[in-house]
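Below is one structure; the comments refer to it alone.
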Amino acid sequence: MPVFDYVTAMDHPALLRDYPIGPDFPQALQGVSRDALRARQEHDFAKIMAFAWKVPFYQRLWGAKGIEPGDIRGLDDLPKLPAYDKSDLMASVAAYPPLGDFHGQDAHPPERRPQIIFHTTSGTTGTPQPLLFGAKSREVQNRLLARMYLMAGMTRDDVVHSVYGHGMINGGHYIREAVHHWVGARFLSAGTGVETRSAQQIFIMKQFGATAIVGFADYIKRLSDVAREEGLVPGRDIPIRLICAHLGSETQASLSAAWGGAAVYDWYGVGDTGIIAGEGPDRSGMHIQEDAHMLEIADPDTGLPVPEGRLGDMVCTCLFKDDIFPIIRFNTHDVTEEVVGPNPLGIPFRRMKGFLGRSDNMVKLRGINLFPTGIGALLVEQAEGATGDFICRVTRLDGRDSMTAHLEIRGAAAPEMQERLEAMLRMRLGVEIGVALCAPGSLAAVTQVESRQKPIRLIDDRK
């Protein structure tokens, strides 16, 4: 009997054919019509639906809504299926420990049963969620990430410093595999400030000649401050030329300036799905990887697709996960909106704006929906000397809700800066928000910027 190992299961020839990267992307998809792309998506969707009907989690989820296999005939019927989120997965884990009943391993015959590549979420807000991949789904997400890294200009000659976390979480391992397997660059797996203290990270970057940084922008920006504290000039003494990051509250301009003019590219993904969209040299928004994902932008209340150009939750269906844990209408609760207009790369992919906030972290203040990350982005952009660290605090006094945005500023802030920033927020957001200016490093213990992959940006004292 042939050995069904990782390499066999990932189907290397099919990966090369179906998910072009490097010199083949975007050229291999230029001129491909939306109809041709849709035909491929329909074919892949049929495969994952057939697999999902064998998985107990989906049998329960869909059966509870009275849905039967013949009811979903194609992608046009996708909105008929209920979306689910992390809470549903955690309920599955609680009922069917330790992995839940969504992995799908038992749907395969024993001799073709894929191994499970196992990671978890960080568990910072509770019990960690299992993140499960087969060899194929793991390497597809790795290859898609390498696609965007290569399009951003990463090469085999780069020395890539990674500040993604390791341990049980998926982040650092997935990034390392993408760079090692499909880019071929040298990789420095430094991790978070807890794994490798920040001053030591700066030493490592200088010692081993780092030319690129990957990770979350908040901490990458923090490292530039640490470099200066160590007497080094970012961009000169540590010649970083490329940053591929999750921007969040940071702007490309501020992060680039912090590292001496390095090129900065944004991308988006979550632990369950891998990369969903990424930015290219055209700078026209993030290209949704539609040869691998069907992304809906849905109304947080109804779950139905919003009109083009409107904000909504990202609801993802992975068209490649037909080995372990099919993902069909997973609501990330991350908010974005579609970029309108034809794709300037000449490929049939839609585009979206970056991560704009979380619908489950949205604050309604006197009738206005506010996202803390958006508030932080405005303040960092407008405040000279901002370190990039901030947090929003919401309070209630005598039945009236109010918000104060705390922002770190280097040096002595001009007396009028607070008033100017408050006026800017009032004009841009249509609601009064207080601003408190703080000393550099004073918010680190609260935001946990050096220890968390995604720092805390909201404290709601009303709860």
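If you count by our numbering, then the sequence shown holds residues 98 to 560, one letter each, in order.
Idealized CB from N, CA, C, for every residue including glycine.
query                                                                                                                                                                                        : result
For the region 386 to 464, which segments carrying the beta strand (DSSP E) assignment without a break, of at least 3 residues, lie completely within its bounds, in sequence order?         : 390 to 395, 409 to 415, 427 to 433, 460 to 462
Is the Cβ-Cβ distance between S351 and L320 less than 8 Å?                                                                                                                                   : no
Would M383 and G451 be called neighbours here (beta carbons separated by less than 8 Å)?                                                                                                     : yes
According to DSSP, is N466 part of a helix, a strand, or is it coil?                                                                                                                         : strand
With a threshold of 16 other CB atoms inside 10 Å of the CB of T399, please say whether the residue is buried or exposed.                                                                    : exposed
Would D486 be called buried (16 or more neighbouring beta carbons within 10 Å of its own) or exposed?                                                                                        : buried
Does the beta-carbon of E587 have 16 or more other beta-carbons within 10 angstroms, so that it is buried, or is it exposed?                                                                 : Residue 587 lies beyond the stretch modelled for the chain, which goes from 98 to 560, so this question has no answer here.
Am I right that A389 and F427 are in contact with their C-beta atoms under 8 Å? What's the rounded C-beta distance?                                                                          : That belief does not hold up - the Cβ atoms of A389 and F427 are roughly 14 Å apart, past 8 Å.
DSSP three-state call for D115: helix, strand or coil?                                                                                                                                       : helix
Just list the residues that DSSP pairs P227 with in beta bridges.                                                                                                                            : T217
Can you tell which of I465, I214, G538 has its C-alpha closest to the C-alpha of R523?                                                                                                       : I465
Going residue by residue through the region 525 to 555, where are the continuous alpha helix (DSSP H) segments of at least 4 residues, counting only ones entirely within it?                : 541 to 544
Compare the Cα-Cα distances from C413 to each of V436, I385, V437, E405 and report the closest residue.                                                                                      : I385
Let's test the definition: count the other Cβ atoms within 10 Å of the Cβ of D495 and tell me whether it reaches 16, buried, or not, exposed.                                                : exposed
Thinking just about the alpha-carbon of each residue, which of D396, E405, I340, G231 is nearest to the one in G377?                                                                         : I340
Less than 8 Å between the beta carbons of A287 and K318, yes or no?                                                                                                                          : no
Starting from the C-beta of M514, find all residues in its chain whose C-beta is less than 7 Å away, skip the five residues before and the five after it, and write them out in chain order. : A480, L534
Let me make sure I understand the geometry here. Which of I394, I421, L401 has the alpha-carbon closest to that of D410?                                                                     : I394
Is the CB-CB distance between L242 and I373 below 8 Å?                                                                                                                                       : no
Identify, in the order they occur along the chain, each residue of the same chain with its Cβ nearer than 8 Å to the Cβ of H277, setting aside the five sequence neighbours on each side.    : F284
Which residues does DSSP list as the beta-bridge partners of Y365?                                                                                                                           : A374
To which residues of the same chain is R338 closer than 6 Å at the C-beta, ignoring the five residues directly before and after it?                                                          : T308, A359
Measuring alpha carbon to alpha carbon, tell me which residue in Y246, Y193, D369 is nearest P117.                                                                                           : Y246
Here's the rule: buried if 16 or more other CB atoms are within 10 angstroms of the residue's CB, otherwise exposed. What is T105?                                                           : exposed
Which two residues bound the contiguous alpha helix (DSSP H) that contains M248?                                                                                                             : 232 to 249
Cα separation between I169 and M146?                                                                                                                                                         : 9 Å
Helix, strand or coil for V276, going by three-state DSSP, please let me know.                                                                                                               : helix
DSSP puts S321 in a beta bridge; with which residues?                                                                                                                                        : According to DSSP, S321 bridges with nothing at all.
Exposed or buried, E208, counting other C-beta atoms within 10 Å across all chains shown (16 or more means buried)?                                                                          : exposed
Can you tell me where the alpha helix (DSSP H) holding R490 begins and where it ends?                                                                                                        : Here R490 belongs to no alpha helix (DSSP H); instead the beta strand (DSSP E) covers 483 to 494.
What span of residues does the beta strand (DSSP E) with D498 cover, start to end?                                                                                                           : 497 to 506
Start and end of the beta strand (DSSP E) containing R283?                                                                                                                                   : 283 to 286
On the CB-based measure, 16 or more other CB atoms within 10 Å of its CB, does V291 come out buried or exposed?                                                                              : exposed
What's the call for E165, buried or exposed, on a 16-neighbour Cβ count within 10 Å?                                                                                                         : exposed
Under a three-way DSSP split, which group does S259 fall into?                                                                                                                               : strand
Using a 10 Å radius around the Cβ and a threshold of 16 neighbouring Cβ atoms, would you call K183 buried or exposed?                                                                        : buried
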